[in-house]
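For reference, the structure discussed in these notes is given below.
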Amino acid sequence: MERVPGSPLDKLWDTLEDSTKERICKELWGFVKQLRAIPKPSRLTPFYQCGADGSACQDVLLEDLTSPPEPLLNDDALRNRINQRYLHCNGGSYGENLMDYLPRSDKSVFTHADLAPRNILVDERVEITGLIDWEFSGWYPDYWEYAKTQVQWLAEDFMVWMDRTRPQDWDIVGIHKAKRVLF
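Residue numbers (the working numbering): 689 to 871.
Structure follows, in structure tokens:
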């Protein structure tokens, strides 16, 4: 295995000019577009959501309450899994039906699933040299990468910039509601 050159972006982010933050986030969305173009291997086509190797996802929103965990076959299964986790963690006490708020997507695209400043390497010119920490990568709904960038406890400003520069508007209210209960 080869070491990717660069330093984690989180070490520099707070010192960067707004124009640099915007450039970096737009470039990241460009990388996301490239990732989405990666075709799903034929052996994984039965799965709507799964890890890069076809395994079940380990994301806290999607962890299976049964064992062994399995990949998800369609959007309804994914939405039901999030709702099960939400109810299991007492989310129903809020009196809201989470299913009414969860986004729908018929697209399953390759996703890094952990784009955060700590996983983005940059050189001394603040040019992106690589993305690291791929253990959550896999096939997810098309809104997932955006949703994951919107839960950055230690990088709220990064979250704002990823939102400002997003290539399309995704409604992830239900994901936010679930995360408030599950995190």
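All residues carry an ideal CB built from backbone N, CA and C; glycine is no exception.
Asked	Found
Going along the chain, which residues of its own chain have a beta-carbon closer than 6 Å to the beta-carbon of Val797, five neighbours each way excluded?	Arg724 and Asp830
Apart from the five residues on each side of it in sequence, which residues of its chain come closer than 7 Å, Cβ to Cβ, to Gly694?	Leu809, Val810, Asp811, Thr817 and Gly818
In whole angstroms, what is the alpha-carbon distance linking Leu761 and Lys714?	32 Å
Of the choices Val861, Glu751, Gly826 and Arg792, whose alpha-carbon is the least far from that of Val839?	Val861
Comparing alpha-carbon positions, which option in Phe824, Gln856 and Met787 lies nearest Leu803?	Phe824
Could you have a look at Pro805 and say whether DSSP puts it in helix, strand or coil?	helix
Out of Arg731, Phe871 and Pro805, which one is the CA nearest neighbour of Met847?	Pro805
For Val869 versus Gly779, is the C-beta distance shorter than 8 Å?	yes
Taking its Cβ as the centre, do 16 or more other Cβ atoms sit within 10 Å of Asp747, making it buried, or is it exposed?	buried
Mapping the DSSP letters down to three states, classify Leu760 as helix, strand or coil.	strand
Report the three-state DSSP secondary structure of Leu819 (helix, strand or coil).	strand
Whole angstroms is fine: what's the gap from Glu815's alpha carbon to Glu844's?	21 Å
For Thr799 and Tyr774, which I take to be in contact (beta-carbon distance under 8 Å), what is that distance rounded to the nearest angstrom?	In fact, because the Cβ distance is near 21 Å, the residues do not count as touching under 8 Å.
Work out the CA separation of Glu690 and His864 for me, nearest whole Å.	36 Å
Grouping DSSP H, G and I as helix and E and B as strand, with all else coil, what is Thr754?	coil
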